[in-house]
Amino acid sequence: MTYREAVRSALREILRTDARAFLMGEDVGAYGGSFACSKGLLEEFGPERVRDTPLAESTFLGAGIGAAMGGMRPIVEIMTVNFSLLALDQIVNNAATLRHMSGGQISVPLVVRMATGGGRQLAAQHSHSLEGWYAHVPGIRVAVPATPADARGMLLAAMREPDPVFLFEPAVLYPVEDEVDEAAGPADLRHALVRRAGRDLTLVAFGAALPKALAAADALAREDVSAEVVDVRVLRPLDLPTIAASVARTRRAIVVDEAWRTGGFAAEIAASLAEQVFYDLDAPIGRICGAEVPLPYPKHLEDAALPQAATIAAAARALMGRHG
Amino acid sequence: MLRIRRFEEKAAELYTQGKIRGFLHLCIGEEAVSVGTLAALSASDNVVSTYREHGHALARGVPMAALMAELFGKVTGCCRGRGGSMHFFDVGRRFYGGNAIVGGGLPLAVGLALADQMQQRAAITLCLFGDGAVAEGEFHEAMNLAALWRLPVLFLCENNLYAMGTHVARHQAQPDIARKADGYGVPAEAVNGMDLHAVETAVAAHGAAIRNGGGPRLIEARTYRFRAHSMYDPELYRTKAEVEQWKLRDPLPAFAATLRSAGRLDDAGFAALETEVAAEIAAAVAAAEAAAWEPLDGLVRDVYTADAPETTSCA
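Protein sequences, first through last, are from chains A and B. Here numbering that gives the first Met the number 0 is used: the first residue of the first sequence is 0, the next is one more, and so on. Here numbering that gives the first Met the number 0 is used: the first residue of the second sequence is 0, the next is one more, and so on.
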């Protein structure tokens, strides 16, 4: 099934099995979800449990927090990560802080889903990758499912968490197809995953960058360079041990992140690796990130602004001392 | 009202002694709103408050000792000392802050009311905010959503005329706050916030309408704070004469006079009340002084529910 069908499959299972669960957000009902993830759910579950909201991100996100405090299990959909900035106050000042600030009295079992990232020629106000910003904030969990199986499994897992979980779904991945076991149940929401074993270097990636890193590893394999690919999966709390163990084995690392390089999450991973495995390294840790530009509309410029398999492979060759 | 007044006077004194730090926003002058409003609610209702919430919390029945300890930052405080003056929480009494982002509590109130509506709980959510919050998008978004979904929310604006130091005439194009509800089809009323009975009557009436499925209501309680916005505020934005003029409408002696004329309070009775309140405050302060601090290894507890091992300190 496709990534979007996997999300829908999880939503349907949650609504069927948890009477406290409901979905709310922009166009999730009558429209069927701006990315068609909730198509058919309004007809199946009715307007009480599949709620169209006004375009008022701060208030429907805040209402999700309040509803979670009041005993419900809301799933809030924000159309894209850029729009989530209108709800940043509720996310950072309330969702992330209420538990600690109240001395542990308040639990906010809220799940928030939103599309993230570029690659669809939607220009600068619909294409950014801001999950790294959210990963800066203690008190919330930040996950980036990169495969259809994770899209389903991580959403199911998020519903079992007592704390706010933010799922960033790379918009470019919604049509991607893969096998998904609908009997598999919740995915692991704690660990990074080695998606491809390798010997010579580690490509650390997440979200839309993962398929590109895997494609780069394919290309490198044809040149007898064996790249390991680690899918970060969860940005906060970060599973550094899995990533560091891979890099300690391969002794080289390139971190791939579609977001901007300056102050980005790739820097967080690179710095953490430098602290943990510096003496195991044979080369400086590399970073392949988005260009320092608001994402442009034309395809050739958008492609040039985002990491691509070819740029990742080229960086890997350079790191291995291979040129040409 | 007397408990709130004396508690806050003590808090101000402790602040000047350095026992309490941070921001301290006193509600002296606004006690009739706290007491009148909370008296008209039931224990199953939710309360969402602001950073000027000492009066609301006391009127809700949160123990004074827990509030005083919270001001001290002690572990016996209502939030283990983590919140301080601006963040009193008592979930057992459905008191959900203590929110210091102006307007930030309004969406939470909408959500609490939504949870009650979906679970068919017979409760309303009281959402307290100041006149400053009316300029925030949250006010308009929350009014719209609550009205759209007919949620059981009582929006109660404590209009004390000043958003920090900016007079309502300088921050509202339409300073008649109750009228703003018209745009959302929400019934609204402005009441004399210096009159305990007027506040209680209005809250009871509108609360009953909400309980009967009438959807949200808005009450604008017109009141005044006799003290500065916070302990840091030099009050350059208003005259002493204006404050003195409002003190003539002090709700505390006004209510005491009502009780006296009804034959329910005399000098001896009032003196006994003062003695009782003073003893409660003295005990709360002594307990807070004696209480322990949160242990340092508690620094990162309650960031996540399970105190997961990945929540490490900055060391």
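Glycine included, every Cβ here is placed at the ideal spot set by N, Cα and C. Since the model is a prediction, treat every value here as computed from it, not as a measurement.
Contact under 7 Å by Cβ, residue i with residue j
i, j, result
"A:L294", "A:S271", "no"
"A:G24", "A:E76", "yes"
"A:A204", "A:V141", "no"
"B:A122", "B:D44", "yes"
"A:V164", "A:V91", "no"
"A:F34", "A:A114", "yes"
"A:R151", "A:V179", "yes"
"A:P73", "A:F21", "yes"
"A:L208", "A:E257", "The amino acid occupying residue 208 of chain A in the given sequence is Ala; Leu does not appear at that position. Yes, Cβ-Cβ distance for A:A208 and A:E257 is below 7 Å."
"B:P151", "B:V185", "no"
"B:A65", "B:S33", "no"
"B:G28", "B:R224", "yes"
"A:D17", "B:T304", "no"
"B:G60", "B:V198", "no"
"B:G97", "B:G80", "no"
"B:I218", "B:A201", "yes"
"A:P108", "A:A62", "no"
"A:R195", "A:A214", "no"
"B:I209", "B:R5", "no"
"B:L111", "A:G69", "yes"
"B:A68", "B:A290", "yes"
Residue i, DSSP secondary structure in three states
i, result
"B:R178", "helix"
"B:G129", "strand"
"A:I284", "coil"
"A:E222", "coil"
"A:A62", "helix"
"A:N92", "helix"
"B:G54", "helix"
"B:A305", "coil"
"B:N159", "coil"
"A:L234", "strand"
"B:A291", "coil"
"B:T311", "With a pLDDT of 40 at B:T311, under the threshold of 50, the modelled position of that residue is not reliable, and no figure is offered here."
"A:R72", "strand"
"B:K9", "helix"
"A:A315", "helix"
"A:T201", "strand"
"A:L362", "Absent from the structure is residue 362 of chain A, since the part of chain A shown begins at 0 and ends at 323."
"B:V167", "helix"
"A:I77", "strand"
"B:I218", "strand"
"B:T36", "helix"
"B:T75", "coil"
"A:W259", "strand"
Integer-rounded CB distance, given that residue j should sit under 8 Å from residue i
i, j, result
"B:V109", "A:G65", "6 Å"
"A:L166", "A:L154", "6 Å"
"A:S101", "B:C78", "5 Å"
"B:H228", "B:H86", "That belief does not hold up - the Cβ atoms of B:H228 and B:H86 are roughly 17 Å apart, past 8 Å."
Chain B contact residues for residue i, given Cβ-Cβ distances below 7 Å
i, result
"A:P210", "Going along chain B, no residue has its Cβ under 7 Å from A:P210, so there is no contact; the nearest lies around 27 Å."
"A:N333", "Since the first residue of chain A shown is 0 and the last is 323, residue 333 of chain A is not available in this structure."
"A:G63", "G110"
"A:D88", "I100, G103"
Neighbouring residues, chain A, relative to residue i (Cβ below 8 Å)
i, result
"B:H86", "M100, S101"
"B:C78", "M100, S101, G102, Q104"
"B:L147", "P53"
"B:L144", "T52, P53, A55, T58, F59, A62"
"B:A64", "Result: empty, since nearest Cβ-Cβ is about 15 Å, beyond 8 Å."
"B:G82", "M100, S101, G102"
Chain B residues whose Cβ lies nearer than 8 Å to that of residue i
i, result
"A:E76", "The premise fails here: A:E76 is roughly 15 Å from chain B at the closest Cβ pair, so nothing lies under 8 Å."
"A:A66", "G110, L111, L113, A114, M117"
"A:S106", "T304"
"A:E47", "M117"
Amino acids of chain A, ordered along the chain, whose beta-carbon sits closer than 9 Å to that of residue i
i, result
"B:G136", "A55, S57, T58, L85"
"B:E241", "Chain A residues near B:E241: none, gap ~33 Å exceeds 9 Å."
Proximal chain B residues relative to residue i, where beta-carbon distance stays under 9 Å
i, result
"A:M71", "G110, L113, A114, M117, Q118"
Contacts that residue i makes with chain A (C-beta to C-beta distance below 7 Å)
i, result
"B:Y95", "M68"
"B:V152", "Under the 7 Å cutoff, chain A gives no residues; its nearest Cβ is about 10 Å from B:V152."
Contact set between the region 150 to 173 of chain A and chain B, restricted to residues whose Cβ is under 9 Å from the partner: Along the region 150 to 173 of chain A, the positions whose C-beta sits under 9 Å from a C-beta of chain B are E160, P161, D162, read in chain order.
Positions along the region 160 to 194 of chain B whose CB lies within less than 9 Å of some CB in chain A: none
Chain B contacts from the region 126 to 139 of chain A (Cβ-Cβ distance under 7 Å): P137, G138
Residues within the region 211 to 229 of chain B neighbouring chain A, beta-carbon criterion of under 8 Å: none
Within 7 Å of chain A by C-beta, residues of the region 265 to 297 of chain B in sequence order: none
Residues within the region 35 to 60 of chain B neighbouring chain A, beta-carbon criterion of under 9 Å: N45, V47
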